[in-house]
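Take a look at the structure set out below.
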Amino acid sequence: MARYGMALDYKNCINCKACEVACKEENGVLLGADKHRIWVGVKEIEGEYPLLDIVSSTFVPSQCQHCEDAPCQEVCPTHATYYDENNVVRVDSDKCILCSYCMNACPYDARYVDDRTMTVDKCTFCSDTRLARGETTTACQNTCPTKVRTFGDLDDYDSEISELLRTRDHFSLKANLGTNPKLFYLT
Amino acid sequence: MQVEVSRRKFLQGTVAMSVVGGSALSVTNLFGNEHESHGVAKSVTTKTGTGKAENVPFLCGICVNKCAGFARVEDGVVTKLNPNPYFPKSRNMLCARGNAGIQTMYDPDRLKYPMIRIGERGDGKFKRVTWEEAYEAILNGTDKFKGLKQILDEEKDNRATIGYCNGEGLSKEGFEVLVGEKIGSPNYVDEISICLETTLGGYVNTIGTYGEADLNNADYLIIAGANRAEAIITPDTMDIFKRTKGRGLKTIVLDPRFTNTSAKADRWYAINPGTDLAFVLALTYVVMNENLYDKDFVTKYGVGFEDYKNHILSKKYTPEWAQKITNIPAKEIYKTAREFMAARSPIYYQGRRSVFSKNDFQLRRAMAIFQALSGNLDKKGGIVYGKKLALPKEEINAPMYAQVQPRFDTAGIAIPSGKTGSWIVFRNMILEGKAPYPVRTMFMRKHNPMSGVPNMKKTEEFLKKMDLNVMIDILPSDTTMFCDVILPEASYLERTSPVATYGGLEPAIVQRRAAVKPLFETKEPEVIYKELAEKLSKPLWEITKKYDEDVQDEIKGISKEEEEKYYKENGFDLAKPWEEPVGKQNEEKIVKTFGEEAWKTLQEKGVYYPNMDKYHKQLNPNEFQYYPESKKNYTTQGDKLKVTFNFKNLAKKGIDPMPTWHDKWNFSVPKGKFRLVTGRHAQFTQSGTTNNVMLRDLIPTNYLWINQRVANKKGIKFGDMIEVSSSIGKVHIKAYPTEKIAPNQIFMLHGFGGSSPEMEFAYGNGANDALIIEDKIEPVYGAAVMHETNVEIRKVV
Chain W
65 MARYGMALDY KNCINCKACE VACKEENGVL LGADKHRIWV GVKEIEGEYP
115 LLDIVSSTFV PSQCQHCEDA PCQEVCPTHA TYYDENNVVR VDSDKCILCS
165 YCMNACPYDA RYVDDRTMTV DKCTFCSDTR LARGETTTAC QNTCPTKVRT
215 FGDLDDYDSE ISELLRTRDH FSLKANLGTN PKLFYLT
Chain F
78 MQVEVSRRKF LQGTVAMSVV GGSALSVTNL FGNEHESHGV AKSVTTKTGT
128 GKAENVPFLC GICVNKCAGF ARVEDGVVTK LNPNPYFPKS RNMLCARGNA
178 GIQTMYDPDR LKYPMIRIGE RGDGKFKRVT WEEAYEAILN GTDKFKGLKQ
228 ILDEEKDNRA TIGYCNGEGL SKEGFEVLVG EKIGSPNYVD EISICLETTL
278 GGYVNTIGTY GEADLNNADY LIIAGANRAE AIITPDTMDI FKRTKGRGLK
328 TIVLDPRFTN TSAKADRWYA INPGTDLAFV LALTYVVMNE NLYDKDFVTK
378 YGVGFEDYKN HILSKKYTPE WAQKITNIPA KEIYKTAREF MAARSPIYYQ
428 GRRSVFSKND FQLRRAMAIF QALSGNLDKK GGIVYGKKLA LPKEEINAPM
478 YAQVQPRFDT AGIAIPSGKT GSWIVFRNMI LEGKAPYPVR TMFMRKHNPM
528 SGVPNMKKTE EFLKKMDLNV MIDILPSDTT MFCDVILPEA SYLERTSPVA
578 TYGGLEPAIV QRRAAVKPLF ETKEPEVIYK ELAEKLSKPL WEITKKYDED
628 VQDEIKGISK EEEEKYYKEN GFDLAKPWEE PVGKQNEEKI VKTFGEEAWK
678 TLQEKGVYYP NMDKYHKQLN PNEFQYYPES KKNYTTQGDK LKVTFNFKNL
728 AKKGIDPMPT WHDKWNFSVP KGKFRLVTGR HAQFTQSGTT NNVMLRDLIP
778 TNYLWINQRV ANKKGIKFGD MIEVSSSIGK VHIKAYPTEK IAPNQIFMLH
828 GFGGSSPEME FAYGNGANDA LIIEDKIEPV YGAAVMHETN VEIRKVV
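Chain order of the listed sequences is W and F. Position one of the first sequence corresponds to residue 65 (our numbering), numbered consecutively onward. Position one of the second sequence corresponds to residue 78 (our numbering), numbered consecutively onward.
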């Protein structure tokens, strides 16, 4: 029984994509550029050479935000999307009918279709791989060269993530939507 | 819907094929015949299980870094590669390539069994043979090519008729022992002359070391011509970017294009290619003129400091002067110089990579000197010298060959290096008939000069000129396709490698252990060296006896037994260094030096250093302590420290003894042309990973970076096919218009545009820059100069 979340020291991110590959290899995610559970957001730089706006070229790692009030879970007609015992937003592929409501409802574009099962797939916080084996980090956190990510139990006062959120300023993506994400971007 | 082929099924399939295969499949193209290929991914990921698994410590071999990891092995299949938290250098991480190493091992296009050429050079027709048949073909040739015995006989035992090359790696030294020391060839070329030779040379000749930048403790960083966010070097990459962006490490980036490293900078200067030296000289001018340097330090350790100061001031290398050359505003140069010297622990990052321009050696000298002016050497937060844990050196009993001729590839080079030569000079002299004796065979391993060495057409001609080309590799590279005998090697996850020692601030011993047995019919490199040596030893000895008068004198009239004894005692028994397998040799070395416990630790954890059990601690979920602060080797040199400002002996070789700018180095591009710059990306290691399906998801191909406004004028849009041509060739590549590059420059990633049809994903994908980069060298070591080619572009589609 935990309430899992992740803090991201996103200024460390160099867009090396180690997390994307580790995630795919750990969780058996399909190959294909459009089949990613996690990714790094980057946009084309602003300005004219050589007067470029460095700040406009920030790298923002993103993925399923494991919202406390997840729109994907609300709209799912078959209850395929559910909260597991650790408050991780999961998809039960046996129940999923690929109506794709959840994909449209997700404000973070965190869901895609697994072509093998023809159901919706997304980040699981490595619940059925690493966590199931008793490990305490996700694949993306463990492999990250610049250690962007800290995964942990938000309900555990002594966890590293709780400590980080107590001591560092942070924000959530699209906080105005009231989804209450459990991913926190440290500033 | 795509049906999943699990990695397990793939493996079972190959086992079945190797039984069915055999001599029935004796004709034509034997590469990658186990799978139908329709452009779909052939390797796939495997979800890790929750059952039993073994975690085998390995050292990554996908690039030069040698990061440590644990391979998760489930039922004999590697399902995941995880970082190893014990190795101070790699700091508990694996990058995208490191994670994707699985896909290289299970690449369906792998070289699977020995092959010999049955068609013409380069047409891809090979025959599958046994290992014995392959060794036999190397020794005695076939109806298509000559064997080594005939070649050496015709060359009267001149071992220099053999050339050899090898790319970087833990088994490279063994190949050097085999072909260089034991077989006796002096003609060796490797990656160094197309890589960081001038950087190493410039630093070692100035401050005595290339050193390690203590980026964890520095507070000011100038990083020029090094792209650490995309060309990952451990631990530098990790240490830098945790502290950029106002978090303790002020970072000034110089690069002609806006890279991911530039994105992390406090300031980015879009410097003209090849003009970094002018920038450093101007920084130095400010420091000398305003007396900002560490006076005590330069007085104590400097050689020729006053000469250099006078030189810089009298040449008037002012920021105003440099502005015109570099395109960096003078006031920014003043500011940077003053900030650097005012900082507590400033570092002008040494950089690595290729040689950019002909002044590269002088640039590195100037950089090392500038670092020394701050006094921030051999101390915390500076460039440190560190320590290395010594391992017993192997004694190689190298035979003496009287008939061997010396190497010749010295034309146009001031300081020819001893062991390895200049690829370009070596190749070109042979092609142009300037070699004093014929070089007739190339022994190659883990090296792809068709992609790495500028002017691919010449490399192709060079390879075609040889009587015998032998390749040891894991994939059918561009170069492999021009070989006669191909020996398939076990990839780094399938082999235990010679134990290595990593020096620096926090030294450690590391060992790569085989996670699984060699796949297909591949063998570990050291096993190949041994077997090949066994095959060649006696026949080559007979040739030596026939031509070598020294040997003839010594064995005159002795008995067969005495001759056998002489042969062994004098090292003609070529296989001797591999009498014991690698693992056994590692054990002996470690037990002898550090004891049984150390060996146990190394076997289990992949890493060992004295007191590791006491020192190593987990600090938080992400970070570890390797050594306590008081045990880190920040300061090790004492009075040995020496900084050579004025290197008088260089003048005797025709090299400036102090870094000096020459106007011929001014940057200019003829109207209508572009300067070609190349570089790296964090998802690829040169041509070695372009067939990796996982990485291809991340970077599908290389693109031509062209300035957005120039592209607009020319009507070029993203994805348009562009022909890029230089004086030596042309390539086709898709356009990526962007403001991240100057209007008079273009950029493309190196390593793409594979020409081997047997590498399905690499073949014809993108452009190979070796087809258009002109084969120019810098004058000190003859290293290839990568950024001095101007090109024209034309939209084709």
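No residue lacks a Cβ here, since even glycine has one placed at the ideal position from N, Cα and C.
- The beta carbon of F:I179 sits closer than 8 Å to some beta carbon of chain W.
- Shown here, W:V106 sits in coil according to DSSP, grouped into three states, outside any helix or strand.
- Here F:I563 is buried, its C-beta having at least 16 other C-beta atoms within 10 Å.
- Within the segment 695-715 of chain F, the residues whose Cβ lies closer than 9 Å to some Cβ of chain W are N697, P698, N699 and E700, listed in chain order.
- About 16 Å separates the beta carbon of W:N76 from that of W:T201, a gap too long to meet the 8 Å contact definition.
- Judged by beta-carbon spacing, F:M771 lies within the 8 Å limit of W:V85, meaning their Cβ atoms are closer than that value.
- The C-beta of F:R786 has fewer than 16 other C-beta atoms within 10 Å across all chains shown, which makes the residue exposed.
- If you draw a straight line from the Cα of F:T536 to the Cα of F:I805, it comes to about 13 Å.
- Less than 8 Å divides the Cβ of W:T145 from the Cβ of W:V155.
- Assigned with DSSP and collapsed to three states, F:H758 falls in strand.
- About 41 Å separates the CB atoms of F:A449 and F:V801; that is not less than 8 Å, and the two are not in contact.
- Around the beta carbon of W:M182, fewer than 16 other beta carbons lie within 10 angstroms, which makes this residue exposed.
- Counting only runs of at least 4 residues, the segment 410-470 of chain F fully encloses the following alpha helix (DSSP H) elements, listed from N- to C-terminal order: 437-450.
- The three-state reading of DSSP puts F:Y394 in coil, since its state is none of H, G, I, E or B.
- For F:D230, the CB contacts under 8 Å within the same chain, skipping 5 residues up- and downstream, are I620 and K623 in chain order.
- Out of F:K202, F:R174 and F:F164, the CA that lies nearest to the CA of F:M558 is found in F:K202.
- At a Cβ-Cβ threshold of 8 Å, F:P513 and F:F485 count as neighbours.
- At a cut-off of 8 Å between beta-carbon atoms, F:T122 makes contact with chain W.
- For the options F:L440, F:L255 and F:I501, the alpha carbon positioned closest to that of F:G859 is the one of F:I501.
- Beta-bridge pairing by DSSP links F:I810 to F:I799.
- As the crow flies, the alpha-carbon of F:L158 is around 36 Å from that of F:I818.
- Every alpha helix (DSSP H) stretch that sits fully inside the segment 705-736 of chain F and reaches 4 residues is listed by chain position as 725-729.
- W:G216 sits in a strand when the DSSP states are folded into three classes.
- Neighbours of W:R197 in chain F, taken as residues at a C-beta separation under 7 Å, are given in chain order as T127.
- With a cutoff of 8 Å on beta-carbon distance, F:P165 and F:Y703 are scored as near each other.
- Measuring C-alpha to C-alpha distances from F:T395 to each of F:G843, F:P820 and F:A355 identifies F:A355 as the nearest.
- For the pair F:N217 and F:Y241, the CB atoms are not nearer than the 8 Å cut-off.
- Your pair W:V184 and W:C166 checks out as a contact, with CB atoms roughly 6 Å apart and the cut at 8 Å.
- In this structure, F:G285 and F:Q427 do not form a Cβ contact; the two beta carbons are roughly 13 Å apart against a cut-off of 8 Å.
- Chain-order list of chain W residues neighbouring F:N784: Y113, by C-beta distance under 7 Å.
- Under the Cβ distance rule, W:V184 does not count among the residues neighbouring chain F, no pair being separated by less than 8 Å.
- Using a 10 angstroms sphere on the CB of F:E631, the tally of other CB atoms stays under 16, which defines it as exposed.
- Here W:L115 is exposed: its Cβ has fewer than 16 other Cβ atoms, across all protein chains shown, within 10 Å.
- The beta carbons of F:I849 and F:V808 sit about 6 Å from each other, so the pair counts as a contact at 8 Å.
- When secondary structure is reduced to three states using DSSP, F:E131 falls in the strand class.
- For F:I284, the uninterrupted alpha helix (DSSP H) run begins and ends at E274 to I284, by DSSP.
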